[in-house]
Ligand code: ITT
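In my numbering, the protein residues as written are 2 to 201.
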């Protein structure tokens with residue numbers, strides 16, 4: 002069975018992507034399983050650039066097909082921030098709680114109707130044989146809450162209320178988040194590519 006590397010050091014992403022890609026006849030391995038622990042540089046200015054960078058860097062090192070995602074939160078009242086800086090918004094090594102608190106403070110004077118935001122995810126599938134990088138995208142619309150709610154998920158999930166449900170991503174069990182998330186929506190498109198891919 003074809004092996005595809007998941008180019009992320011975020012174990013929560015590995016879990017989510019593995020669950021979302023269940024049933025695709027491909028064997029996914031994590032960077033941890035490959036024994037690769039070095040940081041992958043994210044020097045791009047957009048999600049597209051960073052996803053492409055992560056997938057092609059790892060794909061070139063191992064000479065194997067590689068899937069990467071770059072994702073983050075865009076808050077309208079902050080002109081799209083933290084965006085590509087979502088993981089580093091509260092400094093290197095900040096905890097999810099510190100990320101959420103920093104965002105809540107930044108929005109403390111912003112009224113409910115102006116707290117709109119979205120999670121975006123760009124996935125890149127890099128094939129080292131052809132050097133082609135396929136890009137797809139998914140997004141989910143929401144609103145930033147005024148306090149942290151829920152214990153599931155990771156990152157900004159406790160402060161991101163999904164428009165359709167009125168609950169935060171962290172108040173949803175994994176199966177529910179995985180049926181509406183930005184990552185789910187991107188994975189659905191990657192799945193289509195993988196199911197028709199001419200593996201050699
Ligand atoms: P890799 O680069 O190794 O994949 P990372 O955590 O640094 O892992 P990103 O550069 O894509 O990943 O940063 C995305 C950040 O955006 C992530 O650390 C979270 O803080 C936030 N984020 C992305 N998807 C999220 C989700 O589903 N729920 C909550 N927060 C999310």
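Backbone N, C-alpha and C fix where the C-beta goes; we use that ideal spot for every residue, glycine too.
Coil, strand or helix - residue i by DSSP
i, result
"residue 40", "coil"
"residue 124", "strand"
"residue 164", "coil"
"residue 15", "helix"
"residue 146", "coil"
"residue 87", "helix"
"residue 180", "coil"
"residue 188", "helix"
"residue 94", "coil"
"residue 108", "coil"
"residue 117", "strand"
C-beta contact flag for residue i and residue j at 8 Å
i, j, result
"residue 136", "residue 123", "yes"
"residue 85", "residue 48", "yes"
"residue 46", "residue 56", "no"
"residue 66", "residue 5", "yes"
"residue 167", "residue 159", "no"
"residue 99", "residue 91", "yes"
"residue 17", "residue 179", "yes"
"residue 139", "residue 118", "no"
"residue 20", "residue 199", "no"
"residue 60", "residue 129", "yes"
"residue 31", "residue 54", "no"
Length of the line joining the Cα atoms of residue i and residue j
i, j, result
"residue 87", "residue 116", "17 Å"
"residue 75", "residue 141", "10 Å"
"residue 23", "residue 185", "12 Å"
"residue 154", "residue 63", "30 Å"
"residue 9", "residue 126", "13 Å"
"residue 196", "residue 121", "23 Å"
"residue 2", "residue 83", "39 Å"
"residue 192", "residue 27", "10 Å"
"residue 29", "residue 35", "11 Å"
"residue 78", "residue 105", "12 Å"
"residue 38", "residue 114", "42 Å"
Buried/exposed call for residue i, threshold 16 Cβ in 10 Å
i, result
"residue 194", "exposed"
"residue 172", "buried"
"residue 162", "buried"
"residue 110", "exposed"
"residue 80", "exposed"
Short CB-CB distance (under 8 Å) between residue i and chain D
i, result
"residue 151", "No chain D appears in the structure shown, which is made up of a single protein chain."
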